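Here's the structure, in structure tokens; my notes come after.
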Amino acid sequence: MVSYIVFLLVIAGIYALLAQSLCLAWGVTGLVNLGLAGFFAIGAYASATVVKWGGAPVPLGLLAALAAGAIAGFVVCVSTLRLRDDYLAIVTLGFAEAVRVVASNEIWLTGGTDGISGIPAGLPRDWGQGFHLASLAAVSAVVGAVWLALRRLVASPWGRALRAVREDQVVAAVAGKRVTRLKAEAFAISAAIAALAGALYGHYTSYIAPEIFQPLVTIYVFLAVTAGGNGRPTGATVGAYLLIAFLEATRFAAEVVPGVSALQAAALREMAVGVALILLLRFRQRGIFPELNQKAPA
Amino acid sequence: MTITRRIVLAGSAGALAMPNVVRAQGETFRVGALNPVTGAGSPYGSGMQRMIGAAVEAINAAGGANGRRIELFSEDSQTSPQAAVLAAKKLIEVNRVRAILGTWSSGVSLAVMPLTNDADILLMHTSGAPALSTPPVNAKSLGFRFQATNDRFGRAFAEIAAREGFRRPATMAFNNASGIGNTDGFRRAWAAKGNQNGEHVVYEPNQPSYRAELLRVLNTRPDVIVMGSFLPDTTIILREWFQTGTPMKWIIPGWAANPQLVQALGPAVTQGIIAVESVSNEGAPAFAAFDAAHRRAMGNQPGTANAYAAMTWDMANTLALAIEQAKSFETAAINAAIRQVANPPGEAVATFAEGKAAIAAGRKVNYEGASSVLDFDQFGDVTPDFGAYFIEQGQFNRRYVVKI
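The listed protein sequences derive, respectively, from chains A and B.
Read in the numbering used here, the first sequence has 455 at position 81, and its numbers run on one by one without any break.
Read in the numbering used here, the second sequence has 254 at position 241, and its numbers run on one by one without any break.
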């Protein structure tokens with residue numbers, strides 16, 4: 375039981391990173407990123423290929439993931455500048471699908487639909503429980519570091535400018551903020567965080583394949599961020615842990631419902647997720663940790 | 014009554030103690046069923062899970078394996094590696110299962126096997142990816158594949174195509190390890206016979222129409238199309254092909270070209286299709302037992318409707334026989350006993366009860382399964398023969414058997 379919970383905490387930590395990524399792009403800056411799974415995949419593949427095929431140490435792989443995510447994020451964001459805002463959402467959705475299709479067809483690089491198995495973790499796997507605890511410590515440390523950094527960023531003048539862009543970019547531009555640059559910066563940082571999450575996922579579970587990076591991942595993260603409060607890194611982080619706890623709880627809840635088939639139990643779980651979202655949006659529109667108004671400096 | 018902290022503590026302590034009470038009433042051997050109840054594998058997953066349950070019932074009715082009842086815990090893999098990993102972890106850590114049965118897609122099996130290896134338990138799967146046979150994935154040799162590898166299916170396709178006198182085959186594959194494994198195996202074997210391969214199209218899953226891919230293949234005027242496909246996409250592709258009116262021959266794996274396909278499309282569309290299936294001993298007594306159980310559990314659907322359910326039925330039986338043979342509940346001993354009870358030589362047995370009696374009498378048994386004769390090679394792969402079934406007026410007629 376303990377190692378199951380440790381495992382869940384690691385996975386939840388990875389979701390927390392994704393949620394923080396979305397918090398920065400969507401919650402703070404208002405850039406709807408429906409392609410989170412794509413950036414997640416890019417990071418996973420960047421790190422896995424560098425470490426597995428290139429023989430580089432894992433920290434270098436994580437750096438490669440950050441770089442690959444930032445570059446991809448920058449390119450995606452800049453390529454939509456001439457379009458209206460809504461198009462970013464569509465482009466990112468297409469981007470994630472493109473990443474998945476490339477990953478399943480460029481077999482020389484990604485192993486195709488077989489994926490890449492036996493990715494080194496940087497920690498010895500034969501430690502047993504020790505390996506999982508060490509991974510938990512590492513992932514939690516990263517989550518904590520990103521959380522602190524995001525809090526600082528969001529509270530900084532730069533973060534204030536991002537919120538100004540979110541509320542009304544024309545006003546922000548009139549006030550002398552360089553809207554395009556702010557958006558590109560925020561989106562690239564956000565993509566890099568998602569990529570880092572992907573890299574950690576690959577190294578921890580030792581296996582990645584295109585079918586892991588389904589749009590469902592993106593939807594779950596949106597759910598987590600909505601639940602936690604999308605404008606605050608704390609909200610996003612807590613939301614991610616709650617999401618994993620909730621999803622796993624439905625597994626046990628479905629077991630105790632008497633007289634349902636496996637198919638009905640699966641449907642019940644999906645319904646529970648839907649009902650939870652509706653209830654949340656009805657009673658807690660702004661999430662568990664709603665964004666606070668910042669007082670203007672005196 | 015107010016709920017004090019003391020009452021909560023007492024209650025939780027009681028809840029924690031519960032499993033021990035249950036255990037005291039009789040030790041069981043815990044087995045996990047991890048099947049694609051939802052997602053791309055959903056046409057097969059429910060049946061797979063129910064047939065594991067049905068086999069376990071039969072085993073327990075025969076007195077259990079080595080004196081212990083088998084206790085089954087079921088989870089949905091959602092045909093997604095990520096969801097499957099969480100479910101597998103729960104089965105391993107919370108339910109403490111000693112084997113996981115019935116993962117379906119290669120991605121799921123590849124993702125789950127590191128966990129089963131870590132926990133030192135068996136994984137019995139129906140996936141086709143060749144990587145599942147060898148290290149690093151199967152480093153501990155705890156993985157058993159109840160399905161012929163897709164490469165072997167492909168080789169059987171090539172034998173059949175040659176025998177039917179086809180000259181210019183084209184291939185279409187569902188983009189996953191299994192689909193591509195089929196067509197790649199075919200193309201390799203076909204080239205090895207000194208033949209020319211035709212157009213090869215890989216299509217993405219979950220499309221409402223495959224017309225573009227289909228036309229690309231039809232435009233090259235092949236005389237046969239060899240498929241690496243599943244039921245939902247095959248149904249769409251054949252319907253769209255029939256609408257074009259082009260005469261064409263098809264060679265399709267048996268899990269896609271099955272009675273459900275005929276039911277969906279009618280005998281006119283499916284006339285002359287060659288379905289290739291590992292010889293699932295349809296005349297064999299194990300298949301009769303499986304078929305009867307399948308009809309009972311699945312609302313009178315025949316066992317031929319779900320080739321994977323026959324495999325999961327065999328998994329439970331093989332595992333239980335291996336436990337009986339090993340006289341042990343240790344993974345290493347069970348693992349070693351699997352080949353003893355499944356491979357020749359030995360007295361051919363069709364059910365767990367029969368096998369148990371033979372083992373008790375000190376005879377060596379050879380379980381001949383419902384899905385195939387189930388003989389495992391050193392990689393834990395089955396090496397079945399393949400039957401060429403021609404669909405004629407909606408009936409599946411086996412014309413001959415191919416050995417590779």
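C-beta atoms are modelled at their ideal positions from N, C-alpha and C, and glycine is treated no differently.
Treat the numbers as computed from the prediction; the structure is a model and nothing was measured.
Q. How would you list, in chain order, the residues of chain B whose beta-carbon sits under 8 Å from the beta-carbon of residue 514 of chain A?
A. Result: empty, since nearest Cβ-Cβ is about 18 Å, beyond 8 Å.
Q. By Cβ distance below 6 Å, which residues in the same chain neighbour residue 146 of chain B in space, the five residues on each side in sequence not counted?
A. 392, 394
Q) Residues in its own chain within less than 6 Å of residue 50 of chain B by CB, not counting five upstream and five downstream? A) 58, 59, 89
(Q) Tell me the DSSP secondary structure of residue 480 of chain A in three-state form. (A) coil
Q) Buried or exposed: where does residue 652 of chain A fall if 16 or more other Cβ atoms within 10 Å of its Cβ makes it buried? A) exposed
Q. Taking 8 Å as the CB-CB cut-off, is residue 95 of chain B touching chain A?
A. yes
Q) What is the rounded straight-line gap between the Cα of residue 180 of chain B and the Cα of residue 451 of chain A? A) 51 Å
(Q) If I follow the unbroken beta strand (DSSP E) through residue 137 of chain B, where does it start and stop? (A) 135-138
**Q.** Distance, residue 341 of chain B Cα to residue 654 of chain A Cα
**A.** 51 Å
Q: Enumerate, from N- to C-terminal direction, the unbroken alpha helix (DSSP H) stretches of 4 or more residues contained entirely within the region 454-522 of chain A.
A: 460-479, 481-484
(Q) I'd like to know whether the C-beta of residue 142 of chain B is nearer than 8 Å to at least one C-beta of chain A. (A) yes
Q.
Suppose only complete runs of 4+ residues qualify. What are the alpha helix (DSSP H) ranges in the region 337-369 of chain B, listed by chain order?
A. 344-355
Q: Check residue 314 of chain B in the structure and name its three-state DSSP category.
A: coil
Q: Can you tell me which of A:564, A:601, A:580, A:666 puts its alpha carbon nearest to the alpha carbon of residue 432 of chain A?
A: A:580
Q | Identified DSSP bridge partners for residue 377 of chain A | A | According to DSSP, residue 377 of chain A bridges with nothing at all.
(Q) Nearest by alpha-carbon distance to residue 461 of chain A: which of A:409, A:602, A:502, A:387 is it? (A) A:409
Q.
Once DSSP output is grouped into helix, strand and coil, what is the label at residue 374 of chain B?
A. coil
Q) Hey, how far is the Cα of residue 634 of chain A from the Cα of residue 120 of chain B? A) 28 Å
Q) Between the Cα of residue 99 of chain B and the Cα atoms of A:541, A:537, A:386, which residue gives the shortest distance? A) A:386
Q) If residue 388 of chain A sits next to residue 513 of chain A, beta carbons under 8 Å apart, how far is it from one beta carbon to the other, in whole angstroms? A) 6 Å
Q.
Counting only Cβ pairs nearer than 7 Å, list the residues of chain B close to residue 637 of chain A.
A. 50, 59
Q | Beta-carbon proximity list for residue 576 of chain A, same chain, < 7 Å, skipping 5 on both sides | A | 418, 421, 422, 493, 582
Q) What residues are listed by DSSP as bridge partners for residue 290 of chain B? A) B:400
Q) What's the gap between the Cα of residue 523 of chain A and the Cα of residue 318 of chain B? A) 56 Å
Q. What did DSSP end up calling residue 115 of chain B once you bin it into helix, strand or coil?
A. strand
Q | Below-8 Å beta-carbon distance, residue 381 of chain A vs any chain B residue | A | yes
Q) For residue 84 of chain B, which residues does DSSP report across the bridge? A) B:43
(Q) For a cutoff of 8 Å on Cβ pairs, would you count residue 306 of chain B as touching chain A? (A) no
Q. Residue 183 of chain B lies in the beta strand (DSSP E); which residues open and close that run?
A. 182-187
Q) Tell me the DSSP bridge mates of residue 263 of chain B? A) B:238
Q: Compare the Cα-Cα distances from residue 618 of chain A to each of A:571, A:384, A:570, A:525 and report the closest residue.
A: A:384
Q. Which of the residues in the region 584-616 of chain A, read from start to end, lie with their CB under 7 Å from any CB of chain B?
A. 585, 586, 588
Q | Whole-number beta carbon distance between residue 333 of chain B and residue 113 of chain B, since they are thought to touch under 8 Å | A | In fact, because the Cβ distance is near 15 Å, the residues do not count as touching under 8 Å.
Q: Put residue 410 of chain B into one of helix, strand or coil per three-state DSSP.
A: strand
(Q) Please identify the residue among A:382, A:603, A:624 whose C-alpha is closest to the C-alpha of residue 578 of chain A. (A) A:382
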